[in-house]
Each structure stands twice: as C-alpha cells, then as structure tokens.
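*Asks:* Got a structure here, written out as structure tokens. Questions coming.
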Amino acid sequence: MLISKQTQNKLNISRILHLIWKEQGISRSDIARRLSLDKSTITDATQKLLETGVIEEWKQGESKPRGGRRPTYLRIKNGFGIVVGIEFRPESYRAVFCDLRGDILHSFSGVQEVQSGTITPALSDLITNLCSQAQNLNLPVIAIGIGLTGIVDVRKGRILYSIPFQIYEPQNLAEQLIEIHHLPILIENDANACAWAELNNSDYNNHANFLALLGEIPPAIPLEETTHVDAFSVGIGLAFGRRVYHGTDNFAGEFRSIFWAGETEGQFSVSKADLTRFASDSRVREQIFSELARQIALLVNTLNLNGIFICGGMERYSSEFIPLLDHYIKENWSYEMSIARDLPLLNSSYGDLAVAVGSAAVILDTLFGIPDYHHEDGGLSGRIRDLILGHMARS
C-alpha cells in the first residue's frame, strides 16, 4: 500500500524521534546512517523537532581522524515537561509524574468513592488536582494516561464496558476529558497498562512475548452489602513482539475461569461466600490460585511466552501463587524437556504503581514509538501524537 508524501514525512520524523529517545545522545550523521535517510531529510526533521522543544542539542563529539566538523549530539530535552500516569478505580487512585524517559519523579495515592455515572467528573477533579500539584512543582504537564478497569478501546479513547464503574454502553471518556482540560489524554485497560509498564522497563528488554497478570483485591466488603462480588478479580495484559495485544474487539485479556459455573458469581468456580474470605482463608486462595494457575500455564505453553509478571494486590500472595504456576507449567508441557527452566515468574517491576506507570508509558509510546500509518485510520492515538507535539511547541 502506497502512502502519501505527508505521511512519509511524519513516519520519518517518528523514526528519528524514536531513535533519539532510545539512544539519548546521537549525532545527525549517525541517525542518517542507522535509518538510511539522506542528510536533507535528517536536517529538516530534526529542525522541526528542535522547534517543538522535545529534543535539544546536547554536546559536541570528537572530530573524526580525517578532520571535519565535530558532530553535535541530540537528545530528548528531559526537563521540558512530564507525563502523568493514573490508575483510577472506584474506591482509590494512584498517580505518577514521569519524565520523558519514563522514570518516576513523584507518586500520589488516595481513596475516593466514584458513584454510578460520575466517572467523568471524578476523573476531571483528580486531573485538576494533579495538574495543580505539578504546577506547584514547576513541572509542565505534557499529556496524561489513565488506566481503568473495564474494556477499553485505546485507539478511540472509549470505555466500552466496566462492571466496577457501572458502565454498560460505550462512553467517549478521553474526548470528554480532552475537551475539559485541553490536554492530550489517552485511556487504557489496567491490565494492559501493566504490560506497558514492563515494556517501559529497560531491565526486561529481552522479554518480547510475555503476560502481565493483574490480580486486584479491593477493600473488604461485608457479604450482605455487596451485589457484585469482586473480592478477587483478574485481568491479563498480553505482549507479543514488544507490543501490547488488544485483540480484534479490544477484548484480549478478559478472563473467566473455564471451571466457572452459572450459579457462582465473579470469575471463578468458588461461591460468593468463599470469595469474600479470599484475604483471610488460605484454603480459598489455594483453590482459586490452582484454578488460575492451570489456565495461565496453558497460555504460557501454547503461546511460548518468555515471561510472567504478577501485578496488583496479588503480589502480596506471590509466594503462594508462583510455585503453583511453576508446577502447572511443567505439568502441562507435553515433552520431556521443560520450557519452565528459564521462564521468569516475577513480581511487577513497579509494585503498586504498575498500572499508573504503564498508563504513563502508553503516552511515551504514543509520542516516541513508531506508528503504523498504514492502519491508524485517524484513531485518537494518532491525533494525540500530533496534539502532544503541538502542545509542547506552544508551551
């Protein structure tokens, strides 16, 4: 499929920006060599990026043996601004301020009570508060990423369905927040955000195909006061080829146990009464963890994954869950040799902040990643990238 000259220019700028972000110090001539682009293309693209403020001329290198001008190295202008990552749940939130390399500068958390139909005003109030704190710290906010429990269309910025937030039809959440705050804003599913967080972590760059398992344990709710049991809920974030996989209809990672029966609530085969004892009864946890581990093992072996990350409140029980998972991965394997020997089963790199960090990483990937202009189709992420660069240029 042919692409227009304008699209090709955008793609060249994206490739150049991605390489500068990745290398954090590279000359124009090295960019041209690495990307097989001509000098004029590099000059025009880097000049546009310098004008936005996203990159800067950093230092001069050494002259080459045959003489000539000393190369000038380019890097991301790290002090220019921050991205905000938010984990937003009905009963609580966590947020991080990250620099343009993805490093955490500040973190925040709090409790809240989001009623049915109030997610937009509740999020808007939180964004206003966080932007005020950033202003007090003299940290310009470039863009905001938000991780939510539910089915999310990240390309269109819509939350399609969420039982915890009592959203049962699509809502254009990102567009509503952009209109209120005049900032680039993206939303993502919380388990997918956990996968983005690990992709953001340079220590695990060798993990191209992995699974992020988000297990959430909300505050205890008396049995007689709850109609929907989510004492323990699970979501899965999948990464293939270092890209988060959303599925055809954004349903990838939605989980319900194959042992679930219609008469039970939640995602597992255990009763409602048992689910409410999850935190206090090790026998209930063993039943649920065994049920979960058997099914995750099937995915690990079938998809040939090379890493599993345990995220959310489930981390505190990883000493109970990981041995079970390791056992079922080995038991499920068809051959004498076991792929489980070198398979990392790890807690999240970011602890309780995994969803918030991953939400910020979605923004960084949108800005610094290489977009697929063949299939973007005018999605929100493409417009957000242009909006971020335009917002930075005006700041």
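Residues in the sequence shown are numbered from 1 upward in steps of one, following full-length UniProt numbering. Every residue, glycine too, gets a C-beta built ideally from N, C-alpha and C. This one's a predicted model, so the numbers in the text were calculated from it and none came from an experiment.
1) What residue from ALA297, ILE76, GLY266 and ALA208 has the CA that sits closest to GLU56's CA?
2) What span of residues does the beta strand (DSSP E) with THR72 cover, start to end?
3) In the DSSP assignment, find the beta strand (DSSP E) that holds ASP153 and state where it starts and stops.
4) Is the number of C-beta pairs between the region 185-193 and the region 281-290 that are closer than 8 Å three or more?
5) Once you ignore the five residues that flank LEU35 on each side, which residues in its own chain have a CB closer than 6 Å to its CB?
6) From TYR73 to TYR245, what does the alpha carbon distance come to, in whole angstroms?
7) So, for PHE255: in the same chain, excluding its five sequence neighbours on each side, which residues have a beta-carbon less than 7 Å away from its beta-carbon?
8) Have a look at residue 415 and ASN304 and give me their C-alpha separation to the nearest angstrom.
9) Would you give the residue range spanned by the alpha helix (DSSP H) that TYR328 belongs to?
10) Of all the options PHE240, CYS194 and ASN200, which has the alpha carbon lying nearest to the alpha carbon of LEU213?
11) How is the beta strand (DSSP E) around LYS59 delimited, first residue to last?
12) For HIS106, which residues from the same chain have a beta carbon less than 6 Å from its beta carbon, with the 5 sequence-adjacent residues on both sides left out?
13) Once the 5 residues before and after GLN24 are set aside, which same chain residues still bring their CB inside 7 Å of it?
14) Give the range of the beta strand (DSSP E) segment to which VAL284 is assigned.
15) According to DSSP, simplified to helix, strand and coil, what is ILE127?
16) Buried or exposed: where does PRO222 fall if 16 or more other Cβ atoms within 10 Å of its Cβ makes it buried?
17) Exposed or buried, GLU225, counting other C-beta atoms within 10 Å across all chains shown (16 or more means buried)?
18) Is the region 159-175 touching the region 113-121 in the sense that three or more CB pairs, one from each, lie closer than 8 Å?
19) Please name the residue or residues paired with LEU345 in a DSSP beta bridge.
20) Determine the closest residue to THR248 out of ASP326, PRO71 and VAL154, with distance taken between C-alpha atoms.
21) Any idea which residues DSSP pairs ARG33 with across the strands?
22) Contact check, SER132 vs ILE180 under 8 Å by CB: the rounded distance?
23) Consult DSSP for VAL270 and reduce its assignment to one of helix, strand or coil.
24) Have a look at ILE31, LYS59 and GLN60 and flag the residue whose alpha-carbon is nearest the alpha-carbon of THR46.
25) Rounded to a whole number of angstroms, what is the C-alpha to C-alpha distance between VAL300 and PHE232?
26) Going by other Cβ atoms of all chains shown within 10 Å of its Cβ, with 16 needed for buried, is GLN112 buried or exposed?
27) For ARG28, does the three-state DSSP call read helix, strand or coil?
28) Can you tell me which residues form a DSSP beta bridge with ALA134?
29) For ASN192, which of THR149, HIS207, LEU137 and SER162 has the nearest alpha-carbon?
30) Can you tell me whether DSSP reads HIS106 as helix, strand or coil?
31) Please report how far the alpha carbon of LEU50 lies from the alpha carbon of LEU292, in whole angstroms.
32) Give me the Cα-Cα distance between THR227 and SER280, rounded to the nearest whole angstrom.
*Replies:* In short:
1) Start at 1 with the first residue of the sequence shown, and residue 56 comes out as number 56. The alpha carbon of GLU56 has as its nearest neighbour, out of ALA297, ILE76, GLY266 and ALA208, the alpha carbon of ILE76.
2) Numbered from 1 along the sequence shown, position 72 holds the residue referred to as residue 72. Where THR72 is concerned, the enclosing beta strand (DSSP E) stretches over 72-76.
3) Your numbering for residue 153 matches position 153 in the sequence shown. Per DSSP, ASP153 belongs to the beta strand (DSSP E) from 151-153.
4) Touching, no.
5) Locating residue 35 in the sequence shown gives position 35, where the first residue counts as 1. Result list for LEU35: ARG15, in chain order.
6) Locating residue 73 in the sequence shown gives position 73, counting from the first residue. Locating residue 245 in the sequence shown gives position 245, counting from the first residue. Near 35 Å, if we compare the C-alpha coordinates of TYR245 and TYR73.
7) Translated into positions along the sequence shown, residue 255 becomes position 255. Excluding positions up to five away in sequence, the list reads VAL234, GLY235, ILE236 and GLN267.
8) Because the chain is modelled from 1 through 395, residue 415 falls outside the range shown and cannot be assessed.
9) One-based indexing of the sequence shown puts residue 328 at position 328. Here the alpha helix (DSSP H) through TYR328 covers 318-332.
10) Residue numbering aside, residue 213 sits at position 213 when the sequence shown is read from its first letter. Nearest option by C-alpha distance: CYS194.
11) Taking the first residue of the sequence shown as 1, we reach residue 59 at position 59. Looking at the DSSP string, the run of the beta strand (DSSP E) that includes LYS59 is 55-60.
12) If you number the sequence shown from 1, residue 106 lands on position 106. The residues are PHE97.
13) Stepping through the sequence shown from its first residue, residue 24 is reached at position 24. Answer for GLN24: ARG75 and ILE76, listed in chain order.
14) One-based indexing of the sequence shown puts residue 284 at position 284. Per DSSP, VAL284 belongs to no beta strand (DSSP E); it is in the alpha helix (DSSP H), 282-303.
15) Against the sequence shown, residue 127 aligns to sequence position 127. Correct three-state label for ILE127: helix.
16) For the purposes of this step, residue 222 is taken as residue 222 along the sequence shown, with counting starting at 1. Annotation note: pLDDT 47 at PRO222 (below 50); position unreliable, coordinate value reported separately. By the neighbour-count rule (16 or more Cβ atoms within 10 Å), PRO222 is not buried but exposed.
17) As a first step, residue 225 must be located in the sequence shown, where it is residue number 225. Any answer about GLU225 is weak, because its pLDDT of 43 lies below 50 and its placement is not dependable; what the coordinates show is given next. The residue in question, GLU225, is exposed, as its Cβ has fewer than 16 Cβ neighbours within 10 Å.
18) yes
19) Here residue 345 refers to the residue found at position 345 of the sequence shown. ILE308, per the DSSP bridge assignment.
20) Taking the sequence shown and counting its residues from 1, one reaches residue 248 at position 248. Taking only the C-alpha atoms, the option nearest THR248 is VAL154.
21) On the sequence shown, position 33 is the one that residue 33 refers to. In the DSSP output, where bridge partners are listed per residue, ARG33 has none listed.
22) Locating residue 132 in the sequence shown gives position 132, counting from the first residue. Locating residue 180 in the sequence shown gives position 180, counting from the first residue. The Cβ separation is near 14 Å, so there is no contact.
23) For this step, residue 270 is matched to residue 270 along the sequence shown. Coil at VAL270, not helix or strand.
24) Here residue 46 corresponds to residue number 46 of the sequence shown, with the count starting at 1. Cα-wise, what sits closest to THR46 is ILE31.
25) One-based indexing of the sequence shown puts residue 300 at position 300. One-based indexing of the sequence shown puts residue 232 at position 232. Taking the straight line joining both Cα atoms gives about 22 Å.
26) Counting from 1 along the sequence shown, the entry for residue 112 is found at position 112. Exposed.
27) Taking the first residue of the sequence shown as 1, we reach residue 28 at position 28. Helix, per DSSP.
28) By one-based count along the sequence shown, residue 134 stands at place 134. DSSP output for ALA134 lists no bridge partner at all.
29) The residue labelled residue 192 in the question sits at position 192 within the sequence shown. Selected option, being the one with the closest Cα: THR149.
30) For the purposes of this step, residue 106 is taken as residue 106 along the sequence shown, with counting starting at 1. Three-state DSSP puts HIS106 in a strand.
31) In the sequence shown, counting from the first residue as 1, residue 50 sits at position 50. In the sequence shown, counting from the first residue as 1, residue 292 sits at position 292. C-alpha separation (whole angstroms): 50 Å.
32) Numbered from its first residue, the sequence shown carries residue 227 at position 227. Numbered from its first residue, the sequence shown carries residue 280 at position 280. Only weak support exists for where THR227 lies, its pLDDT of 42 falling under 50; the value from the coordinates is given anyway. Per the coordinates, the alpha-carbon of THR227 lies some 20 Å from the alpha-carbon of SER280.
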